[in-house]
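Undergrad:
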Amino acid sequence: MFSVIIPLFNKEVTVADTLTSVLNQTFRDFEVIIMNDGSTDSSLQIAASFKDARIRLFSQPNLGVSAARNNAIKKASRSYLAFLDADDLWDPGYLKEMTKLIRKYKECAAFTCAYRTITQNRTSIKCDGLAEGVIGNFFEERTRNHIMRTSAVVVHRSVMEALKGFPVGMVGGEDDYTFAQIATKYKIAFTPKVLVVYDNRNSTYHQRMGKPDSCHESWLDLYEPGNYYKNEFVALKALTAGIRYAYGSPQRKSLEIEKKTKYTTMYKRQWRQLYVLNRLPYFLIPLLRQLIPAYKSGKSDFAKASKSLVHRVVMQLA
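First residue of the sequence shown? That's 1 in the UniProt record's numbering, and the numbers climb one at a time after it.
So this is what it looks like as structure tokens:
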């Protein structure tokens, strides 16, 4: 029934709990495919310590999460792919509930559920207010709720094979890009049952600032004339990528994104942010890149970083 797809990179603290949550599933017809993505900690050894015939463990050089998922998919033998990151958790009834959705909504190619998000400051439940059923307008709903979080998604294997997997080289949002492609072509079923824990305490968002994509895919490729909500979603994701680009050099790509997303009505704040970043003196960019994480981490770190920033700006202008 299910091939559980787990990319693994330096998750020695969490991977044991993740695998335990899979092996505790009340629905038992599944295999687990772990693709170790060149981990440099003890993640591989911890995963290998689980002696269960359903677990298949493979390794590759550090090629990124998309390549890890894609190579794991190539090893899959079951009809449905259940994605799970190595720091997230499933409720014991997750696969059983996904099975119910698959049997009830036969016209659908993808299936998802509500989930609990854990951050440094709080825990919150996402999407639990939506009704069970086939999602009407995915992109309209996506502007209100982050439906289809990766570890809460099951997709028919043939769909992922038709899409040729996740975009390799996309630094951030590769999962959302793939799910947007699925939502464009296929129907998606949803249950409001909270069956997944998404751990966002170790987000690498700020580490990715300034890093360019190396893939040929672009969010702007998904723009569809006349499809308002889809195009607003495309604008949001493209602007997120554009802001990341703007923290690097050169800024040609971020300027292109700024120009092509000017149409947005829902995400003007993000567009203005990109507009300003694209016009800052370049010497300020790496300083801002250091300042923003410090601001988010707390007053003490921010005060230290601000003092350092002022000093460096003065040195540049002197």
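In this text, a Cβ means the ideal position worked out from N, Cα and C, and glycines have one as well.
#1: Looking at the unbroken alpha helix (DSSP H) that takes in isoleucine 243, where does it start and where does it end?
#2: For valine 164, does the count of other Cβ atoms within 10 angstroms reach 16, so buried, or fall short, so exposed?
#3: For asparagine 36, write down the residues that DSSP places opposite it in a beta bridge.
#4: Locate the alpha helix (DSSP H) running through serine 21, then write down its first and last residues.
#5: What residues in its chain sit with their C-beta under 7 Å from that of serine 151, if we drop five residues either side in the sequence?
#6: Using the beta-carbon count (16 or more within 10 Å), is glycine 136 buried or exposed?
#7: Would the beta-carbon of aspartate 128 fall within 8 Å of that of alanine 110?
#8: Pick out whichever of Lys96, Asp91, Ile102, Lys100 has its Cα sitting closest to the Cα of arginine 116.
#9: Is there contact between the segment 273-281 and the segment 211-221, where contact requires at least three CB pairs shorter than 8 Å?
#10: Would the segment 49-62 count as touching the segment 153-160 if we require 3 or more Cβ pairs under 8 Å?
#11: By the 10 Å Cβ neighbour count, where 16 or more other Cβ atoms means buried, how is asparagine 202 classified, buried or exposed?
#12: Measuring straight from C-alpha to C-alpha, what distance separates serine 79 and alanine 53?
#13: Alpha carbon to alpha carbon, how far is arginine 269 from phenylalanine 2?
#14: Select from Gly133, Asn121, Ser77, Lys126 the residue whose C-alpha is nearest the C-alpha of arginine 103.
#15: Within 10 Å of its beta-carbon, does asparagine 70 have 16 or more other beta-carbons around it, so buried, or fewer, so exposed?
#16: With 16 as the cutoff for other CB atoms within 10 Å, does alanine 131 come out buried or exposed?
#17: What is the DSSP secondary structure of valine 194, counted as helix, strand or coil?
#18: Among the residues of its own chain, which have a CB less than 6 Å from the CB of glutamate 174, if the five just before and after it don't count?
#19: Name the one or two DSSP bridge partners that serine 116 has.
#20: Mapping the DSSP letters down to three states, classify phenylalanine 179 as helix, strand or coil.
#21: Verify whether the separation of the beta carbon atoms of isoleucine 46 and valine 4 is less than 8 Å.
#22: Which same chain residues end up closer than 8 Å to aspartate 271 when comparing Cβ atoms and leaving out the 5 residues on each side of it in sequence?
#23: Give the range of the alpha helix (DSSP H) segment to which alanine 131 is assigned.
#24: Roughly how far, in whole angstroms, is the beta-carbon of isoleucine 188 from the beta-carbon of phenylalanine 233, given that I think they are within contact range, below 8 Å?
#25: At a cut-off of 7 Å, would you count serine 254 as near the ligand GTP, judging by its Cβ distance to the nearest heavy atom?
#26: How many Å lie between arginine 142 and serine 42 at the Cα?
#27: Just confirm the distance between the C-beta atoms of tyrosine 177 and tryptophan 219, as a whole number of angstroms; I'd bet it's less than 8 Å.
TA: In this structure, then:
#1: For isoleucine 243, the enclosing alpha helix (DSSP H) starts and ends at 228-246.
#2: The amino acid occupying residue 164 in the given sequence is lysine; valine does not appear at that position. If you draw a 10 Å sphere on the C-beta of lysine 164, you find fewer than 16 other C-beta atoms in it, and that means exposed.
#3: Looking at the DSSP output, asparagine 36 sits in a beta bridge with Leu8, Ser59.
#4: Here the alpha helix (DSSP H) through serine 21 covers 15-23.
#5: Taken in chain order, the residues that qualify are Phe83, Leu84, Asp85, Asp88, Val196, Tyr198.
#6: It is exposed - the Cβ of glycine 136 has fewer than 16 other Cβ atoms within 10 Å.
#7: Not closer than 8 Å, so no.
#8: With respect to the C-alpha of arginine 116, the residue from Lys96, Asp91, Ile102, Lys100 having the closest C-alpha is Asp91.
#9: No: the two stretches stay apart, fewer than three of their Cβ pairs being nearer than 8 Å.
#10: Touching, no, given that fewer than three Cβ pairs across the two stretches are closer than 8 Å.
#11: Under this definition asparagine 202 is an exposed residue.
#12: The alpha-carbon atoms of serine 79 and alanine 53 are separated by roughly 19 Å.
#13: Each residue's CA atom was taken as its position, placing arginine 269 and phenylalanine 2 some 41 Å apart.
#14: Residue Gly133 holds the alpha-carbon nearest to the alpha-carbon of arginine 103 among Gly133, Asn121, Ser77, Lys126.
#15: Under this definition asparagine 70 is a buried residue.
#16: Under this definition alanine 131 is an exposed residue.
#17: If DSSP states are grouped into helix, strand and coil, valine 194 belongs with the strands.
#18: Around glutamate 174, the same chain offers Ser66, Phe166, Pro167 as residues with beta carbons nearer than 6 Å, after the five sequence neighbours per side are excluded.
#19: Sequence inspection shows arginine at residue 116; the serine mentioned does not correspond to that position. Looking at the DSSP output, arginine 116 shares a beta bridge with Ile125, Val197.
#20: Helix at phenylalanine 179.
#21: Not a contact, by the Cβ cut-off of 8 Å.
#22: A small fix is needed here, since residue 271 is tryptophan in this sequence, not aspartate. Counting only residues of its own chain and dropping the five nearest sequence neighbours on each side, tryptophan 271 has a CB closer than 8 Å to the CB of Ala235, Leu239, Glu258, Thr261, Lys262, Thr264.
#23: Run containing alanine 131: none; DSSP gives neither H nor E here.
#24: In fact, because the Cβ distance is near 14 Å, the residues do not count as touching under 8 Å.
#25: Ligands in the displayed structure: none, and consequently the ligand GTP is not present.
#26: The alpha-carbon of arginine 142 is positioned some 37 Å away from that of serine 42.
#27: Contact holds; Cβ gap of about 7 Å.
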